[in-house]
Every structure is written in structure tokens, then in C-alpha cells.
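Enquirer:
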Amino acid sequence: MSSNKARADSLSLLLFTLRSGKLMAINLLKVSEIIPCPPLTKLPESHPHVKGIATLRGASLSVIDLSRAIGERPLEDPNGGCLIVTDVSRSKQGLHVQAVSKIVHCLTTDIRPPPFGSGGVRSYITGVTSVDGVLVQVLDIEKVIHGIAPAQIEMAPTELSMEDAEVLGNARILVVDDSQTALQQSVHTLRNLGLQCHTARSAKEAIDCLLDLQGTAQQINLIVSDIEMSEMDGYAFTRTLRETPDFSHLYVLLHTSLDSAMNSEKARLAGANGVLTKFSSPELTKCLIEAARAVAEQGH
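The letter at position 237 of the sequence shown is residue 237 when you use full-length UniProt numbering, and the numbering goes up by one with no holes.
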């Protein structure tokens, strides 16, 4: 198995701009609708990046000042622009942007990792691509949301039965996610369970890790992988594993900020053992225990 051979799936991106005019993008599957910016109600003691609350068909919607959230200049007209309503990680929110440009269709192999020196842990992008010769930055929406409302992760040790603790102790886990924020959330849950793990920021890096550890005492037997990743997404990564004799047996849990219901069939067809919507530490723990039991039954 070569880590340089990327499998390509199709992807639809919604392009938008902020004040600077540079093009940014978000996966279209994360977008519920696009609307003109409605009147907003500012709540006292709200996060400084929350512009206000909108009422959308009788339901309250938090509106994020995306420019401010990612360190850009504010929009010229603070009451203009439009909202990209997103459904991500079990919640809906509105992203206030300057304008929506268009929808483009591309391959996951067209999305490249952010260039070296592009911001590191402070960066709010997970990848870059080119549309009509113009650079487009793919927004790390999980990091934006986490910066405003971090997922609650219990830091006290999780109480496990002796049986569950024993079976988890035999799991050798690789966590794969191109969002540093999402990766840290998963690692924190694992550490809370008393587990160590290997990590990778791309499918290519994950394959390199699997090859390096193959035949050692740390040989991986359980993978927790994001679906949306640059170059090779989680579906293609899973299919690659299933087609590789040394790794076809690996337990693969796809962990996504998209609604897992819409991805379950595609995940099954790719060969994944399970799919889970980010981010719930208790649900991830439950899935890890189930996965570790399955791995133990297989004798891996």
C-alpha cells in the first residue's frame, strides 16, 4: 500500500468572501440554507464573536461574526452581507459573511493541505484548492465553533467496568483528523479513558503510520477517522484499507461533523464498521468500547 496513491471522491464546495475579498469555502453538505442577514438581538454576556441571535422559522439561531472569529477585518456594512446557515457537530449556527460566490464541484484530491507556515495551530483552514486559477481556502468550521462553544469533555477519569477497561486496554488506536481542534477533542477523550493513541492529520500520514507500526508491539488495530480530509477523504481511506491484505481487518470508525445518518450508508459501502457524529465524549467512549470488543473477538 502506497501512501502517495490517493483515491478520489467528489466534493461540492460553497464559495464565499469576507471583506478582504479572498475566496473561502465550506463543504456544501454542512450548509442548510443561505439567507440575507436578518435583524439580530444582542444578548448580554454573549461571546464577542457571536454577533447576535436571529429568529428563523420560530427557532433561535446564533449568528457568528466570521470575520472577527478568524481574525479578519470586520465587514464594511455590519448589517449587510448574508448568513450561511450551517448544520455542524449537532448544532445549527449562522455564519455572517460578505457574500456568497458560487458552488463548485471538485475531487477530494484537488484539496491540498495548508501550505507550510500558513498559521499552524492558529490557522482556521483545513486545506486549499484552486478555482479558475484563484486560491481558495477551506474553512475549519469545527475550530470556529469550538472557539465559541467548546465541546464539554469531562477531565475526571471515566468510570469503566473492569471488563470494559481490560478490553480497551488492548486497543491500539490511530486517530485521523485534519482539524487540529477535532483531533484534540478525540485525544482528550482517549486520555480520559487512560488510553494513549497515535495521531495523523491526513489519510496519507495515517497510512505512513500504519506501515511504520506494522509488525511491532504498537501495531494499530482500531482507527477513528474523520471523513472530510484533504487529498483522500475517510471513505477513500477506508476503501484503501479494505483492499490492502495487511490492513483489511482493521476496525474503522468514521467520525464526522456531518449528520451521521446521511453518511451511514456511504460509510457502510466503503467498508467502515461504524459512523458517529462529532462531538460527544460519552458516545465516542461507547463506540470505542464496542470497537475494542469487536477487535478482541477477531483476535487482533
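C-beta: ideal position from N, C-alpha, C; glycine also.
Hey, which unbroken runs of the beta strand (DSSP E) at 3 residues or more fall wholly within the stretch 256-283?
Expert: Entirely contained in the stretch 256-283, the beta strand (DSSP E) runs reaching 3 residues are, in chain order, 274-277.
Enquirer: Tell me whether I103 is buried or exposed, calling it buried when 16 or more other Cβ atoms sit within 10 Å of its Cβ.
Expert: Its Cβ having fewer than 16 others within 10 Å, I103 is exposed.
Enquirer: Residues in its own chain within less than 7 Å of residue 301 by CB, not counting five upstream and five downstream?
Expert: Because residue 301 is not part of the residues shown, which for the chain are 1 to 300, the question remains open.
Enquirer: Using CA coordinates, which residue listed in S123, P38 and C106 is at the minimum distance from G81?
Expert: The shortest C-alpha separation from G81 is found at P38.
Enquirer: Got a sec? Which residues, its chain only, sit under 7 Å from S67 by beta carbon, not counting five neighbours each side?
Expert: Taken in chain order, the residues that qualify are L18, R19, R73, P74 and L75.
Enquirer: Counting Cβ pairs, one atom from each stretch, are 3 or more of them under 8 Å apart for the stretch 207-220 and the stretch 161-181?
Expert: Judged by Cβ distances under 8 Å, the stretch 207-220 makes contact with the stretch 161-181, as three or more pairs qualify.
Enquirer: Are L288 and V131 closer than 8 Å when you measure CB to CB?
Expert: Going by C-beta atoms, L288 is not nearer than 8 Å to V131.
Enquirer: With DSSP as the reference, label C197 as helix, strand or coil.
Expert: Three-state result, C197: strand.
Enquirer: So what's D233 in DSSP terms, helix, strand or just coil?
Expert: The answer is coil: DSSP assigns D233 none of H, G, I, E or B.
Enquirer: Ignoring anything shorter than 3 residues, give me the beta strand (DSSP E) runs that lie fully in the stretch 104-186, in order along the chain.
Expert: Correct list: 125-131, 134-139 and 173-176.
Enquirer: With DSSP as the reference, please indicate the residues paired to C209 in a beta bridge.
Expert: For C209, which the question treats as bridged, DSSP gives no partner whatsoever.
Enquirer: Assign Q185 to buried or exposed, taking buried as 16 or more other Cβ atoms, counted over all protein chains shown, within 10 Å of its Cβ.
Expert: Its Cβ being crowded by 16 or more others within 10 Å, Q185 is buried.
Enquirer: What does a CB cutoff of less than 8 Å around Q219 pick up in its chain, not counting 5 residues either side in sequence?
Expert: Same-chain partners within the cutoff: R172 and L213.
Enquirer: I111 and S230 - do their beta-carbons sit closer together than 8 Å?
Expert: Yes. Within cutoff.
Enquirer: Can you find a heavy atom of the ligand NAP that lies under 7 Å from the Cβ of P74?
Expert: Absence of the ligand NAP is noted for the structure shown, with no ligands found whatsoever.
Enquirer: Short check: CB of T86 to CB of K30, under 8 Å?
Expert: In contact: T86 and K30 (Cβ atoms closer than 8 Å).
Enquirer: Given that a residue counts as buried once 16 or more other Cβ atoms are within 10 Å of its Cβ, and exposed if not, what is M232?
Expert: The residue in question, M232, is buried, as its Cβ has 16 or more Cβ neighbours within 10 Å.
Enquirer: Considering only residues of the same chain and omitting the five flanking positions on each side of V121, which have a CB-CB separation below 8 Å?
Expert: Low confidence applies to V121: its pLDDT is 47, below 50, so where it sits in the model is not reliable, and the reading given next is rough at best. Excluding residues within five positions, the ones whose Cβ falls inside 8 Å are Q180.
Enquirer: Determine the extent of the beta strand (DSSP E) in which P91 is found, giving its start and end residues.
Expert: Before going on, a small fix: residue 91 reads as Ser here, not Pro. S91 to V97 is the span of the beta strand (DSSP E), which, as asked, contains S91.
Enquirer: DSSP three-state call for C287: helix, strand or coil?
Expert: Note: C287 maps to helix in three-state DSSP.
Enquirer: Please say whether L254 and T189 have beta carbons closer to each other than 8 Å?
Expert: Not in contact: T189 and L254 (Cβ atoms no closer than 8 Å).
Enquirer: Using DSSP bridges, identify the partner residues of A25.
Expert: Per DSSP, L15 and V138.
Enquirer: Answer yes or no: do G52 and K42 have a C-beta to C-beta separation smaller than 8 Å?
Expert: In this structure, K42 lies closer than 8 Å to G52 by Cβ.
Enquirer: Specify the secondary structure class of A217 as computed by DSSP and reduced to three states.
Expert: Residue state, collapsed to three classes: coil.
Enquirer: Based on the DSSP output, what are the partners of S20 in its beta bridges?
Expert: Bridge partners of S20: none, in fact.
Enquirer: Quick check: the stretch 238-250 against the stretch 122-129, are there 3 or more CB pairs under 8 Å?
Expert: The stretch 238-250 is not in contact with the stretch 122-129.
Enquirer: Can you name, in chain order, every residue of its own chain whose Cβ lies under 6 Å from the Cβ of S257, other than the five neighbours on each side?
Expert: Closer than 6 Å at the Cβ level, and outside the excluded window around S257, lie V88, S89, E142 and K278.
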